[in-house]
Structure formats: structure tokens, C-alpha cells
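In my numbering, the protein residues as written are 105 to 520. Here a beta-carbon is modelled for each residue, glycine too, at the ideal position from N, C-alpha and C. All values reported here derive from a predicted model rather than from experimental measurement.
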Ligand SMILES: [Zn+2]
């Protein structure tokens, strides 16, 4: 419950004061004693706990006897454009039973902290979307402090799911895994991202993508024998590592990549017809009619495509082959997939399309993994979504060239 207090601002000198600022204190169990604007424009809000008794930590008896009250200044989240300093009055009680004095418990800041928890959380949230140095500058705190807040928040989020930031700690083992790679520095610095496709979370972002790097990563799975399938794309070099580390798991090639692979070959055919004299006018600004998925065309577009296809029968044939593969993915079953794929491969071989025939090598190299899709029906879409987010972070230069920062961001981004 959000509770707000209207604060009468105190006139101090001739300085113009914000009148009656509504302070969204939002600190349950605290009340505002007073508020004043400081010379530097910041607001100072004096608060004290509303409770008038506390349990003695030594003997558990309830004490109401206040020994003394101390003032502690804590940095809090800003109120509109005003920087806020919370002046927290913490009381020491004297226990009437065991005579000890003790300080009242407080969960606004935490022990020995000079900032409120919510300010630290705010900094962490800011730092997850912007460079640390920028956040530090704007909030007038040290960059190291912002980084610590980010780490603390990441650790807390991971702790909620029973995990830590330790890069050697065991990883939970889902039935379905997704694995992919991304370049931290184009060309020479690759990392591996491992995802739980069941709970849709990132399990780890680990350094390197070589066989031994990936084996080490998969070796951290707490229960490797229970992995049923691992999704990856055909460009990835993960297959040997998965075969070694998880010999019982099936490897599934992402179906989207297989279609992309064939689309790349098909696009060459369309573009070559658009440059031939028979096709140059017919296909002018019309290539998309052939490239787009059949079911995404409007009735009008579909008719237009049929009309162009009738005049360019070879292109029509290539289009039929492209669509046949898509149809196969959408309709084949575990029982029919292999036979139907073989029929499609044969049709491509019998056709005169060199680029499509060249694309067939992937179906030889990855046949088992392509067919495994029909058994498990998993894809790498989630992993790639995370990967794109990662790349976007790096492009915007968020200071995440630092691998640990990037890892922290991705792992703590699980919940969001
Ligand atoms: Zn006591």
C-alpha cells in the first residue's frame, strides 16, 4: 500500500520553497517528522519508525524503553527533480529484562548502508539499460557503487531461483536446452549462451565457444542424464560438444534456420529472374510476392503471384519447392517426416536449380537433427531473442564489453 504525506515546507531565508510537496514516502511503518529544502536544492526528509516497542534480540522480551535516538542521513530515490536525503531517526532501546541496549531493526536501508534499498535498486535498474558511468554521473554517485548495486540486484534475483553468480556452480537441468553463440568482439571473441527452454530462462552465458569451453559448461549441469534434447542452429559448432557431454540427448536443428538456409538459395533464384529480360518487368517490385510465405499473401497478391508464375514457369517451380519445404515442416509427423523429406530432396535433385541443390548438403550433414524436430518440436527462438537483446546492448555501447557486466545483465534479466 502506497501512503503519501503532505508536507508543509518550511520557509528558510528568502529562498523560494516548493510549497506543499506531496512526498510519496512509500515507506510502510515510517512517519515523516519534517521536511526541508537544502541550499543545494535537495530535500531532506526526517523520518522515524511508527512502532513504539521492539523485541530484544538477546532475550526476546518486548521493550518500550527508549535509551537514545540517533540521526543517520541516507541517500534516497529522487522526488521529481529533487535529490532526497532521508534523515532516519533510529532508536536504541534498553531491555528492561536483561538490561542490554539494542538498536531497533530497520529494513529501509540495511545495516551499515548509507543509501536506502530502493535507491540501490533504482541505480541497478538504471544501469541495466544505460552505461554505468552515465548513471553514476547523473545520480552523482561513484561508478563503482552503481556496479555494486547492479551486482547485488543480480545476485538477489538469482538467489530467488536458488542460484549464484559463481561460474563453476552446478546448473539446474531442464529436459530441453537451447544453445547459441554471440560475438562479444566481432571476429575473435565468442561467448556461449545456454538456455532452459522449458522455463524460458538463461542458464548461463559462458566464455568461449570451443569444444572444451562448451563441454565445461555442459559439465556443470547437475543432472546431465535427464536432458532429452538440445536445440541449436546449423552454423553452430556445438554438435560435437553436446554429443560428448550429453550422449543420450537428441540434437534438434532449429527449423527456422533450415527454412532460412533454403530461403537464401531461393532468393538467389528470384533475384536472377528479376535480372533476366523475361523477368525484369514482371518482377519489378514484385519479388516479395515470391519471397513471402504463401499464407501471408493477400488474395490479390496471391493471384498476381500466380499470374507472374505462369509466365515464368521455372521460377514457379522453384517457388513450389520452397513452399513444399515449409508445408513439410507444418504438416509432417514423426512417422512421415523422413519419407516426405526424401521425396522433397529428390525433387530438388531432379530440378535444375543449382543453388537449391547446393543447399541440400545441409540436409545430408544434419539429417538426423532436422528430423528430430518432429519428435521434440523445440526451437531456438527464445535463445535467439535473448541473443538479439544481448547484441543490442553491446551495440548501444553499454559498457558491456566487460564480460561479467554483460553476463550479469543477461542472467538478472531472466525475471523481466
Ligand atoms: Zn533483553
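Heavy atom of ligand 1 within 7 Å of residue i beta-carbon
{"i": "residue 165", "result": "yes"}
{"i": "residue 231", "result": "no"}
{"i": "residue 162", "result": "yes"}
{"i": "residue 204", "result": "yes"}
{"i": "residue 201", "result": "yes"}
Residue i - containing beta strand (DSSP E), residue span
{"i": "residue 308", "result": "305-311"}
{"i": "residue 180", "result": "170-183"}
{"i": "residue 299", "result": "293-300"}
{"i": "residue 287", "result": "280-289"}
{"i": "residue 206", "result": "205-207"}
Residue i: first and last residue of the uninterrupted alpha helix (DSSP H) it sits in
{"i": "residue 485", "result": "485-499"}
{"i": "residue 472", "result": "471-475"}
{"i": "residue 383", "result": "Element bounds for residue 383: n/a, residue is neither H nor E."}
{"i": "residue 317", "result": "315-322"}
{"i": "residue 433", "result": "417-435"}
{"i": "residue 443", "result": "441-454"}
{"i": "residue 352", "result": "Where residue 352 is concerned, there is no enclosing alpha helix (DSSP H), given that its DSSP letter is neither H nor E."}
{"i": "residue 255", "result": "247-264"}
Same chain, Cβ closer than 6 Å to residue i, neighbours up to 5 away in sequence not counted
{"i": "residue 116", "result": "Confidence in residue 116 is poor, its pLDDT being 42 and thus under 50, which makes the residue's placement unreliable; the coordinate value appears in the next sentence. Same-chain partners within the cutoff: there are none."}
{"i": "residue 509", "result": "none"}
{"i": "residue 328", "result": "350"}
{"i": "residue 426", "result": "370"}
Residues sharing a beta bridge with residue i, DSSP
{"i": "residue 150", "result": "138, 191"}
{"i": "residue 336", "result": "357"}
{"i": "residue 167", "result": "158"}
{"i": "residue 402", "result": "For residue 402, which the question treats as bridged, DSSP gives no partner whatsoever."}
Residues near residue i in its chain [Cβ-Cβ closer than 7 Å; skip 5 each side]
{"i": "residue 275", "result": "307, 308, 324, 325, 326"}
{"i": "residue 514", "result": "306, 309, 490, 494"}
{"i": "residue 166", "result": "157, 159"}
{"i": "residue 257", "result": "225, 228, 516"}
{"i": "residue 250", "result": "227, 231, 236, 239, 240"}
{"i": "residue 155", "result": "133"}
8 Å CB neighbourhood of residue i in its chain, flanking five on each side removed
{"i": "residue 255", "result": "269, 512"}
{"i": "residue 478", "result": "436, 437, 438, 441"}
{"i": "residue 221", "result": "211, 212, 213, 214"}
{"i": "residue 170", "result": "195, 196, 197, 198"}
Residue from the options with nearest C-alpha to residue i
{"i": "residue 451", "options": "135, 285, 422, 342", "result": "422"}
{"i": "residue 338", "options": "406, 471, 462", "result": "471"}
{"i": "residue 146", "options": "295, 340, 187, 349", "result": "187"}
{"i": "residue 389", "options": "398, 382, 399, 378", "result": "378"}
{"i": "residue 314", "options": "455, 285, 332, 130", "result": "285"}
{"i": "residue 183", "options": "149, 340, 458", "result": "149"}
{"i": "residue 367", "options": "392, 353, 387", "result": "392"}
Beta carbon proximity, residue i to chain C, threshold 8 Å
{"i": "residue 215", "result": "The structure shown has no chain C; it contains just one protein chain."}
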